[in-house]
Every structure is written in C-alpha cells, then in structure tokens.
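Down below is the structure, laid out as structure tokens.
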Amino acid sequence: MTQTSDKSEKNPDALETVPVRTSTGVYEVHVGPGALGRLGEVARGACAGSRCCVISDETVAALYADVAEASLAEAGFEVAGRLTFPAGEASKNLATLSELLEGLAARELCRDDLVVALGGGVTGDIAGLAAALYLRGCAVVQVPTSLLAMVDSSVGGKTAVDLAAGKNLAGAFWRPAAVVADVRCLATVPPELFRDSCGEVVKHAVLADPSLLDELAARPLTQSRLDEGRLTRVVARNVQIKRDVVEADERERGLRQTLNLGHTIGHAIESASELSLGHGSCVAAGLCMVARASEARGWCSADARRRIERCVAAHGLPTTSDLPAETLVRYLAHDKKRHGDGVNLVVPEDIGRVTVRRVSLDELARIVEDGRGEVRP
Ligand SMILES: NC(=O)c1ccc[n+]([C@@H]2O[C@H](COP(=O)([O-])OP(=O)(O)OC[C@H]3O[C@@H](n4cnc5c(N)ncnc54)[C@H](O)[C@@H]3O)[C@@H](O)[C@H]2O)c1
Ligand SMILES: [Zn+2]
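In short: position in the sequence shown from 1, add 846, done, that's my numbering.
The structure is reproduced here in structure tokens:
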C-alpha cells in the first residue's frame, strides 16, 4: 500500500495508510474507495496462514461478503466458509460468541489462519473476541463497514461482548493484523446511522484537530456521504487521532480516557432515553453539555464552546438533552467508570486540548444542570 504522501496521479487507486504501533508490533489501517477489493492483498501481507473465514452480520454479508471472499481467494487464501449472525447489538453476546467459536473449530482453522471481521462495530467486537479466544489467539483482519467502525471501533484492539449485567463487560485486547476500510461501503449505511456516528467524528475533531472541527461545521460530513475523496481524508484523519491516543496508552490506563470526551453525560442520556437515541447523538449532546458547564466554570472558552455547538448542530445532532437533571444523575451514579465517590470527567479546555478532572457526584449533578442550556450565540 502507498503512504498518504505518496499518493500520486500515477497511482489513483492508492489507499491512505495509517500505521498503528502496539507492544506486539505494528499494524496498518488502509482507507480508501475500493479497499475491499484489495483485502486479499493486504491480508496476504499481514498474515502467514493459508485459510480464512469471514465473520459478518447477515445484512453486511449480503452486501459485501462475496466481494471480500473473492479478493481473499484471488490472493491465494482458501475460504473456509462464512459465519453470519443476525444484525444488531442484541447479537453481541456469549451465545453468538460460542456459535462463532464452534464454527471456527468445525472449519478446522489453524492458529496461523485468518478471521476476517466484516461489518460494523458489533461484528468487529465479537469477531475480534472470537479471534482472541480461538486456539488462544489467531489473526484477525478488521474490515469496518460502518462509519463508527471505521473511525472508532476497528482501531485500538478492544474487543468485547455484552453480558446481561451491561454492555462490553466481557472482552479482551486483541490487535488486528490489519484494518481495511472501504469508504464506498458507507454508501449503503442508513443515513440516520451515518449521521449518528458523526457524533464520534466531531468528538475526535474536538480532541485533536481545530481545523477539522471548523471544516466539519462549515460542511458537515452528512453532506458528503458519497464524496469518496472527502470520506477517505476524514476517516484517515480520525484513525490518526484515535491512533495517537491508543499508541500512548494501549491498555487504557490513563490518556485513553480522553476518548471518553462527551461519554460520561452521553452514556447517562443513552441509558435514560432507553435506546431511542443513538450512541453518537448522545455523545454529541454530552459533549455540548460538558462544554457549556465547563465554560460556566472558566475551564473552557466561550469560543471553543460555540465552535463545538455549531459543529454538532450542523450535523443535525442534539446539542442538549431535555431529560430532567435528576434522571441523568441517577444514571451517572451507575456509570462503570465511577471509582470511589467521584467520576473522571473529560473536559474540553480548548479545541484540540482536553483535561481529565476528578469531580464528585454532587459536582457532576451541578455540571449536568448547567450543561442543559440551549445553544447560545
Ligand atoms: N471496540 C471498540 O473500541 C469500540 C468502540 C466504539 C464502539 N464499539 C462498539 O461498536 C458497536 C456499534 O457499532 P455500529 O454502529 O457499527 O453497529 P453495528 O455493527 O450494529 O452496525 C449498525 C447497523 O448497520 C449495518 N451496517 C453496517 N455497515 C453497513 C453498510 N456498509 N451498509 C449497510 N448496513 C450496514 C449493520 O448490519 C447494523 O444493522 C457497539 O456494540 C459498540 O459497543 C466498540
Ligand atoms: Zn463512543
């Protein structure tokens, strides 16, 4: 694959490549239109084995598994069948995981062979965990097909399933051998889901890239669902932003919590709204609320708060929540990130600069109250 800077007119199909360093070696994230057709070539370079198995949900499998498998076969892999499960978060559980593991065993995949996780974040998480567990760990190539999976879940090596007690409670760190993100797949993502995932894109821009934030505010990504050049650039930049954080903190001990920007209040909104609002929309609202409360405390400038709200609103995402503050605080108290009697709250100080503040639950209640205001000029 060609590095970003080498992309030239001589090679119009060059993919943008973002390397990610981990304690167990480097993997590359390849982003661009048509990347799926080069999955086999990428996998060949990243994995020693001769056989592979594609894991996907039924919706994504119907759209993209044939192309993926054809590319793998062309690169010399023997495709040892396909494992699918019904689309949606409800499948991300131990029962599906068990079926996938039995499916890999029935196909006699070896340790050197390859699992291909083709789909959104649910597929990436559960197929990644299956790969981490099968024979104590076999190679996985992540092929994210949703915007959220491209900019967030496929990078960083976290895998998980949900338990009855809560989301993502059983998992492992298992880094992919490579990631292949074909922005052409985004054309079939339902528009509302695409919009929702823009919440995480805005979050990344607030974390690390003021010019991206302002560009997105002026021209929201929701208007560029079919603009392959822009999608490639924005997805690759998001991957770099997440990469920079996870490289510095692979096992989530410190800096990685900054990726939770907007998530503390966002998770409470998500739980309290009983899944009527998507995760990205809740994060967007949480981001605006924490920015507003931070401005009131002198932690964040009015300019930064205004730019965040403008970008969120431009994407048609919520900038606040009208749920009662007491309701949100009740859910906040259950947040698994809570340790002792306080919460680590990620606070935007400026665009491109965040800090983690330890706040008590009482202070958090006041932050939620102050954050609930309307968008101001
Ligand atoms: N591992 C991590 O670091 C991490 C980070 C963030 C989120 N996540 C996880 O990611 C999951 C959410 O991801 P998601 O929003 O991608 O959900 P998802 O995988 O359920 O995909 C959403 C829906 O879109 C469909 N879809 C995906 N790609 C498509 C395409 N190209 N065309 C048409 N339909 C398509 C899927 O079939 C599904 O119905 C959650 O389970 C969350 O916990 C993990
Ligand atoms: Zn998130």
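The beta carbon of each residue, even a glycine, is placed where N, CA and C say it ideally should be.
- Distance from the CA atom of K1049 to the CA atom of E1074, rounded to whole angstroms, is 21 Å.
- The three-state reading of DSSP puts H1161 in coil, since its state is none of H, G, I, E or B.
- By the Cβ neighbour-count rule, T863 is buried, with 16 or more other Cβ atoms within 10 Å of its own.
- Judged by the Cβ position, E935 qualifies as a neighbour of ligand 1 at the 7 Å threshold, a heavy atom of the ligand being closer than this.
- Closest in alpha carbon position to L1133, among V987, T1104 and R884, is T1104.
- Between G967 and L994, the CB-CB gap stays under 8 Å.
- Secondary structure within the segment 940-997: the beta strand (DSSP E) runs of 3 or more consecutive residues, fully enclosed, are 960-965 and 985-990 (chain order).
- In this model, R957 and G970 are separated by some 19 Å (Cα to Cα).
- Straight-line spacing of the CA atoms in L1009 and D903 works out to 19 Å.
- Contact between the segment 1063-1072 and the segment 1164-1179 is absent, with fewer than three C-beta pairs closer than 8 Å.
- Distance from the C-beta of V1192 to the nearest heavy atom of ligand 2 is not below 7 Å.
- Per DSSP, reduced to three states, the secondary structure at V1035 is coil, with no helix or strand assignment.
- Within the segment 903-939, the runs of alpha helix (DSSP H) at least 4 residues long that lie entirely inside it are, in chain order, 912-920.
- Comparing C-alpha distances from L981 to each of L1015, E1061, D959 and A1211 shows the shortest one belongs to D959.
- Of the other Cβ atoms in all chains shown, 16 or more fall within 10 Å of the Cβ of D1042; this residue is therefore buried.
- Counted as a single uninterrupted DSSP element, the stretch harbouring P1056 is not any beta strand (DSSP E) but the alpha helix (DSSP H) occupying residues P1056 to A1064.
- DSSP, reduced to helix, strand and coil, places C1134 within a helical segment of the structure shown.
- For D1028, the secondary structure class from DSSP, reduced to helix, strand or coil, is strand.
- Residue list for ligand 2: E1046, H1109, H1125 and V1129 (CB closer than 6 Å to any heavy atom, chain order).
- Taking a cut-off of 8 Å for Cβ pairs, the segment 1051-1065 and the segment 1081-1096 touch, as three or more such pairs fall below it.
- Distance from the CA atom of E887 to the CA atom of S1206, rounded to whole angstroms, is 51 Å.
- Contact annotation, G880 with A1054: C-beta distance approximately 28 Å; criterion of less than 8 Å not satisfied.
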